[in-house]
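Take the sequence shown: its position 1194, counting from 1, is numbered 1194 in the UniProt record's numbering, and each next residue is one higher. C-beta: ideal position from N, C-alpha, C; glycine also. Reading through the structure tokens given below for one structure.
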Amino acid sequence: MALEPYTKSAEIEPQLCQVIDNNEDVTTKATKCTKSNSGVGWRQMLIGFLLICFGISNSWQYKNVHMPSSSSLIASPPASAFVNTPATLLFTTRHDIQVANITRPTGGPQIDVIVRDLAEAMAIDFYYAKNLVCWTDSGREIIECAQTNSSALQPLLRAPKQTVISTGLDKPEGLAMDWYTDKIYWTDGEKNRIEVATLDGRYQKVLFWTDLDQPRAVAVVPARKLLIWTDWGEYPKIERASMDGDPLSRMTLVKEHVFWPNGLAVDLKNELIYWTDGKHHFIDVMRLDGSSRRTIVNNLKYPFSLTFYDDRLYWTDWQRGSLNALDLQTRELKELIDTPKAPNSVRAWDPSLQPYEDNPCAHNNGNCSHLCLLATNSQGFSCACPTGVKLISANTCANGSQEMMFIVQRTQISKISLDSPDYTIFPLPLGKVKYAIAIDYDPVEEHIYWSDVETYTIKRAHADGTGVTDFVTSEVRHPDGLALDWLARNLYWTDTVTDRIEVCRLDGTARKVLIYEHLEEPRAIAVAPSLGWMFWSDWNERKPKVERASLDGSERVVLVSENLGWPNGIALDIEAKAIYWCDGKTDKIEVANMDGSGRRVVISDNLKHLFGLSILDDYLYWTDWQRRSIDRAHKITGNNRIVVVDQYPDLMGLKVTRLREVRGQNACAVRNGGCSHLCLNRPRDYVCRCAIDYELANDKRTCVVPAAFLLFSRQEHIGRISIEYNEGNHNDERIPFKDVRDAHALDVSVAERRIYWTDQKSKCIFRAFLNGSYVQRIVDSGLIGPDGIAVDWLANNIYWSDAEARRIEVARLDGSSRRVLLWKGVEEPRSLVLEPRRGYMYWTESPTDSIRRAAMDGSDLQTIVAGANHAAGLTFDQETRRLYWATQSRPAKIESADWDGKKRQILVGSDMDEPYAVSLYQDYVYWSDWNTGDIERVHKTTGQNRSLVHSGMTYITSLLVFNDKRQTGVNPCKVNNGGCSHLCLAQPGRRGMTCACPTHYQLAKDGVSCIPPRNYIIFSQRNCFGRLLPNTTDCPNIPLPVSGKNIRAVDYDPITHHIYWIEGRSHSIKRSLANGTKVSLLANSGQPFDLAIDIIGRLLFWTCSQSNSINVTSFLGESVGVIDTGDSEKPRNIAVHAMKRLLFWTDVGSHQAIIRARVDGNERVELAYKLEGVTALALDQQSDMIYYAHGKRIDAIDINGKNKKTLVSMHISQVINIAALGGFVYWLDDKTGVERITVNGERRSA
């Protein structure tokens, strides 16, 4: 059926119809009607739509008003008989409202445009006594009115359009004015509803919402209190009901021989209903009770809208784009208007069409507080409330909604009042919502809170959608769950990316991480403020669970961990002390006691993919992704189940609540429990807690900013300890760092408020902000035993020692520009400290039992303290230039010495067990004892005033006092990185600095920029890669920031700087940039053995040991083909000569050969055969030489198979890989490591 108004095309066929006498039998007369071409419509209508004629004069004369006599089946009386009676017709076109005055004996009607610039005008009606014309605009989803001159309907110049209804409309198609009570009724063909509102739109109510399927025309009969409408859906019909929407008064008038009932008009005087059917092409009439139905006219083209006036019917025809009239007395039919802008809906304008009678609603609004609606009941009216508001007495409505459901739809948040059974959805005007998930409600301040995972925020607004503000905007990644403690005024949330549960005050302050360990995918969260508990679900596939803890994160316990899939929503019945959860994988809603006992299934039928869950009184409410619905059922039995919302896509979380109801009490509800920051209730008491940068004073109520505090590393934890407020250790804090496995040493950047640390299990260097956010791996390759770490706060560099690799390295604070400073002459460097103002670094060495010093560029290496008694915890006083350390030799001591090792002094030499970590602050030295767990301090000069700072902290590996004045001073590197492009390294002496480059890069002649290396070897170890640059003053081999799993072969593209490799574990080929970025999978079929890249052809060649083939793949991973290898049985090692377009491979089959071919596989030649188990192959494209390992030897031949010679034949085991560069052949032996020899077989070395 056409759903868009028709626009007139160039030609109209003559209308063929028959007027049927009212006294004749409908069934017999219907057979006389010649069938019209009702299927003309769609293509011609589409063409017509594309040929819209814009612009129409305010007044114009219509020509050819009268139809040709040949097109009528009955004789027409003289024209004067039809036009003697004047008529004024209002009609809509697509974009405006026009009026036609049919008053003159000759010529056509005068047409004026009275309202312009509409988006998609549909229905129209008027209120004559108030000079109002009203219409629906489906394009803008509004109902508007305008005031006009009642006598002449002149164009409106000063009275603007007024929007009456602007919310809750989708496709308003029918409109009717109640001139008795100043109401406006309409149908919505998209929402399938019939509604009413006061004329000013203030009060709006849904009357009917069930058993409707595309309602269209609507009319009222106020004298009879009747509402009549058409419905052209799957089961077309015409219905009527009482004007107050009483469901008991609803009755069907027509349900047979009806298809597209469109227009509707009522003859109030004779109490007749006229209506059009666009499919059956007729206009029928019946009484108000549906009886005495008969056909007035049929064989119409496409009758749509209909109006009645003075024994005449006027209707619009969508297919013809015309306005037509029928005189019911003379049965004369005329086409009145044939306009370029096709008429849509039509209404006759006349006071006689709206006769007024006194009615109960005219007197004090029937004593109703809101809506007084005419009704067919005994008193003639009923009081009603706006949609979503309850009637609390016969004539009084509640003060707004009481029970409300807030629902999240990803990009839309809406509310549904549960106080009325229509469950009308009201979208909230929140602006742009990108991807909302969770929602909660504050009954005290009447705010809603929701999470948006695309904008990384938690937002807040008033419950009506106004006053939108960003509530939490930093360090939130994917907040899946929200829960509001309305008593303590706190908000809790889960984050599935940071794997945390956090809390903050409802004013956005005092944010704190409560739980961060052993969380995998925390989702929903709910709180019971009066009980002091919070509950959350974790839907990690391996270990799904539902947990409980006190509201401060303590007393954590797993309630449910078996027979779970994806536990999503959580809801609490606080009075019954029960927890409900819904599972999106097992498709169940379950319940248990709050201690985990008494678990049982509540609902398991017709649940597809559950997500959100909420509870109010006796009922559970939930969202279902797959069914796209919100359902409700009894919380105990699962019975009384109804669908609240159906076919509503993208449903996420929901919250069902009683507005403004504050339930329960706890100690935090009164003056925040006396806490200056967070008051967190617990089952037996409550505690005050502070935000991360604060400490709780000794009164355990007040939060203060400390001047300094201790940072410590302790296995999988990094934390902070108060120096000043440590009574009862109540300020102990584990900083919520994710994935800390074995934090060893740490340092800070005060300016960044970041912590840097080495992790010996992860073999990485990490950094993160002091509050635990934004954890980054800045160095994650080539570390064997990372130990000491130190921040150069002036040059923004990070230094570290690797005891097992026997190196000291430096990089920028983000891990870039990595350079090996010392790799020779050092033995197991460990604790490391810097003096950036003077350009020195100091460290301890275990085998030599010494403290050593060098310039910060690695030069001027010296031992300054020999016999250091196995020093640990080295620290440095930047002001006095003294070193302090703990000794591991018995008896354990705390010692100090000047920067040059002189004036060595024992500060503490007794009553110590195993001091390990040491730090300085102001006049005191602090240390921790590995075994006793005590943290003590003593005066740094006298060794007096020894005191206990903290106890019970065993196994601390690093200790540092953080304070804002910890890192001061200047050096030449502080400003603009000293002008250096990469590294600025402080030095002692007059200049005070030098520019340096990443390892293997050369410093350019300008002394500030760096030149990358040109010739080098890329090598792989089991899970990582490195670069080897022989004959350099730098460290010859360095790691690259690329990692793999069980790497079997590697090649390098010098043009794009991509590394290609084969992973043995996954049998795949991958590539990555040499800086570790843009990792991609190229192939994962078969069992790749070796690979070689063609840098000119931009192709990847690789052998497969499963199919014994040589395959060709593009650099994007697209398969190109398979090389024809001829008689070759088992191709394994492979090499490409890009310049000569040659391909070489080894055959480990019966031939045991080296084969050469063109890159397309043609012209195959055996260069060497009957080898002794060939294991490696290398090609030097510069010298056109091939090097290969077989048996326990390395041989060489040229690319033609000639000039064979043996390079190595002694003291060699099985060669794993081989490469040639710069006149040398390098090989990796499974026993002796990497060795090399000249291409002439000379100067062999490791």
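- The secondary-structure analysis by DSSP pairs Cys-385 with nothing; it has no beta-bridge partner.
- Look at Pro-360 here: in three-state DSSP terms it is helix.
- Within the model, the alpha-carbon separation for Asp-877 versus Pro-1012 is close to 38 Å.
- Counting along the chain, Asn-681 sits inside the beta strand (DSSP E) bounded by residues 678 to 681.
- Going by DSSP, Leu-306 is part of the beta strand (DSSP E) stretching over 303 to 309.
- Between Thr-466 and Gln-204, the C-beta spacing is not below 8 Å.
- Per DSSP, the continuous beta strand (DSSP E) segment holding Pro-1039 begins and ends at 1037 to 1043.
- Ile-784 is classed as exposed because its beta carbon has fewer than 16 other beta carbons within 10 Å across all chains shown.
- Look at the segment 182 to 228 and you find these whole runs of beta strand (DSSP E), each 3 residues long or longer: 183 to 188, 193 to 198, 204 to 208, 215 to 221.
- Separation of Ile-1017 and Gly-1191 (C-alpha to C-alpha, rounded to the nearest whole angstrom) is 24 Å.
- For the pair Tyr-1169 and Trp-1145, the Cα-to-Cα distance works out to about 12 Å.
- Assignment of Cys-668 by DSSP, reduced to helix, strand and coil, places it in the helix class.
- Per DSSP, Gly-1161 is not a residue of any beta strand (DSSP E), being assigned neither H nor E.
- A residue is called buried once 16 or more other Cβ atoms fall within 10 Å of its Cβ, and Arg-1022, having fewer, is exposed.
- Close CB contacts of Val-513 within its chain, under the 7 Å cut and outside five residues either way in sequence, are with Arg-500, Glu-502, Pro-736, Gly-772 (chain order).
- The segment 601 to 608 makes no contact with the segment 561 to 569, as fewer than three CB pairs between them are under 8 Å.
- Of the candidates Gly-569, Leu-960, Ala-697, Cys-1024, the residue whose Cα lies closest to the Cα of Ser-781 is Cys-1024.
- When the five nearest sequence neighbours on each side are left out, the beta carbons in the same chain lying within less than 6 Å of the beta carbon of Asp-1180 are those of Ala-1220, in order along the chain.
- Nearest to Pro-360 by alpha-carbon distance, out of Asp-857, Thr-498, Asn-395, Gly-1233, is Asn-395.
- Contact between the segment 220 to 232 and the segment 256 to 268 is present: 3 or more CB-CB pairs across the two stretches fall below 8 Å.
- Separation of Asp-898 and Leu-484 (C-alpha to C-alpha, rounded to the nearest whole angstrom) is 57 Å.
- In the displayed model, Pro-427 falls within a strand according to three-state DSSP.
- Excluding five sequence positions before and after Ala-571, the CB atoms of its chain that fall closer than 7 Å to its own CB belong to Ala-526, Tyr-580, Leu-613, Ser-614, Ile-615, Leu-620, given in chain order.
- By the Cβ-count criterion, Pro-261 is buried, with 16 or more other Cβ atoms from all chains shown falling within 10 Å of its own Cβ.
- Under the DSSP assignment, Phe-259 falls outside any beta strand (DSSP E); it carries neither an H nor an E label.
- Contact between the segment 278 to 290 and the segment 187 to 194 is not established, with fewer than three Cβ pairs separated by less than 8 Å.
- Under the 10 Å beta carbon count, Leu-132 is surrounded by 16 or more other beta carbons and is classified as buried.
- In this structure, Ser-817 keeps its C-beta atom at 8 Å or more from the C-beta atom of Trp-843.
- With fewer than 16 other beta carbons inside 10 angstroms of its own, His-518 counts as exposed.
- In the three-state reduction of the DSSP assignment, Leu-1142 falls in the strand class, which pools E and B.
- Taken through DSSP and simplified to helix, strand or coil, Ser-451 comes out as strand.
- DSSP assignment within the segment 954 to 1013 yields the following whole beta strand (DSSP E) runs of 3 residues or more, N-terminal first: 958 to 963, 983 to 986, 993 to 996.
- Exclusion of the five residues before and after Gly-825 leaves Leu-861 as the residues of its chain whose Cβ lies within less than 8 Å of its Cβ.
- The C-beta of Arg-1065 has fewer than 16 other C-beta atoms within 10 Å across all chains shown, which makes the residue exposed.
- Residues Asn-963 of the same chain have their beta carbon placed closer than 7 Å to that of Ala-707, with the five preceding and five following residues left out of the count.
- The shortest C-alpha to C-alpha distance from Ile-1062 to any of Ile-1055, Lys-1045, Gln-1106 is the one to Lys-1045.
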